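Undergrad:
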Amino acid sequence: MCPLLMMQGRTYLINQFALDGESVSEENGIRKCCFSDSVLAAVGDGFTKLEILRLMWFPDGIHGCRVEDEALAVIGKYCSRLEDINLWDCLGFTETGLVQLAVGCGRTLKSLDVASYESLPDVALEAVGFQCPSLETLSLFSRFIRNKGLISVAIGCHLLKSLKVHCENVTDEALQAVGSFCLLLESLSLYQCYKLTEPLCDRERMRTEIHWKSLHVLMTKCNVVLQEGAGT
1 MCPLLMMQGR TYLINQFALD GESVSEENGI RKCCFSDSVL AAVGDGFTKL
51 EILRLMWFPD GIHGCRVEDE ALAVIGKYCS RLEDINLWDC LGFTETGLVQ
101 LAVGCGRTLK SLDVASYESL PDVALEAVGF QCPSLETLSL FSRFIRNKGL
151 ISVAIGCHLL KSLKVHCENV TDEALQAVGS FCLLLESLSL YQCYKLTEPL
201 CDRERMRTEI HWKSLHVLMT KCNVVLQEGA GT
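Position one of the sequence shown corresponds to residue 1 (full-length UniProt numbering), numbered consecutively onward.
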């Protein structure tokens with residue numbers, strides 16, 4: 001299954017590849033093409049000035065784009081200017097690929113979206129925290145996320161302004177670390193945070209205990225469900 005590749009600002013380079021009948025369209029200045037995984041690896045090798053790369057499911061409802069570790073490794077190695085990568089609903093890669101991506105181009109990344117239904121262990125998030133100090137937007141969706149990994153992200157990515165995380169196995173300790181280190185945070189979205197205690201599921205007490213004064217908070221499927229706008 002081939003991913004939907006969206007590239008902004010480098011569309012003229014797409015013509016170097018033979019698309020063999022694959023559909024090509026433009027929407028809002030973004031050219032969209034369907035590439036095989038091998039071509040995706042070649043993208044990293046040939047598009048060294050790429051800044052935005054989004055790999056998403058097909059609009060007709062087919063989910064689960066396959067992106068192997070090899071492709072992420074090549075992208076990390078050659079796309080040294082990459083600022084925004086979206087791996088939403090991508091299958092096939094492991095922590096090895098994500099680590100190689102972070103090591104290769106993490107210094108320039110400002111936005112990272114990862115949803116992994118297979119695995120997203122601590123070692124992958126530790127690499128993100130250590131290698132991606134410029135991140136401003138981070139979305140992490142996986143039931144494998146635990147305290148150690150999220151704490152590593154908080155310590156290393158203190159420029160974060162927006163954080164979305166699936167926190168089924170995350171406790172107060174990790175959220176307090178986010179509050180202590182991510183002082184620029186403007187938006188926090190927590191999903192399925194069953195293990196948070198009641199104080200951290202209350203907006204005002206959350207701000208008091210973890211130092212946030214003004215924050216947009218969204219908590220879904222938690223012990224206490226709340227949705228509030230920016231504070232006083």
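Idealized CB from N, CA, C, for every residue including glycine. A quick note: this is a predicted structure, and the numbers were derived from the prediction, not measured.
1) From this set, 100, 68, 140, which residue's C-alpha is nearest residue 115's C-alpha?
2) Assuming residue 86 is part of the alpha helix (DSSP H), what are its boundary residues?
3) Can you tell me whether residue 184 is buried or exposed? The criterion is at least 16 other CB atoms within 10 Å of its CB, across all chains shown.
4) May I have the straight-line CA-CA distance separating residue 69 from residue 215, to the nearest angstrom?
5) So, helix, strand or coil for residue 98, using DSSP?
6) Going by the beta-carbon positions, is the gap between residue 178 and residue 193 smaller than 9 Å?
7) Could you have a look at residue 78 and say whether DSSP puts it in helix, strand or coil?
8) Given a threshold of 16 other Cβ atoms within 10 Å of its Cβ, counted over all protein chains shown, does residue 134 qualify as buried or as exposed?
9) When DSSP labels each residue in this structure, what does residue 220 get in the three-state scheme?
10) Going by Cα to Cα distance, which pick from 197, 109, 168, 120 is closest to residue 137?
11) Please list the terminal residues of the continuous alpha helix (DSSP H) segment that includes residue 148.
12) Rounded to whole angstroms, what's the CA-CA distance from residue 51 to residue 76? Just pull it up for me.
13) Leaving out five residues on either side along the sequence, give the residues of the same chain with a beta carbon under 6 Å from the beta carbon of residue 167.
14) From the DSSP output, which residues share a beta bridge with residue 137?
15) Rounded to a whole number of angstroms, what is the C-alpha to C-alpha distance between residue 144 and residue 165?
16) Look up residue 189 in the DSSP assignment and give the residues it is bridged to.
17) Since I believe residue 112 is in contact with residue 128 (beta carbons under 8 Å), could you give me their beta-carbon distance rounded to a whole number of angstroms?
18) For residue 124 versus residue 154, is the C-beta spacing smaller than 9 Å?
TA: Quick answer:
1) 140
2) Counting along the chain, residue 86 falls outside any alpha helix (DSSP H), though it belongs to the beta strand (DSSP E) covering 84-87.
3) exposed
4) 36 Å
5) helix
6) no
7) helix
8) exposed
9) strand
10) 109
11) 147-156
12) 12 Å
13) 190, 193
14) 111, 162
15) 11 Å
16) 164, 218
17) 7 Å
18) no
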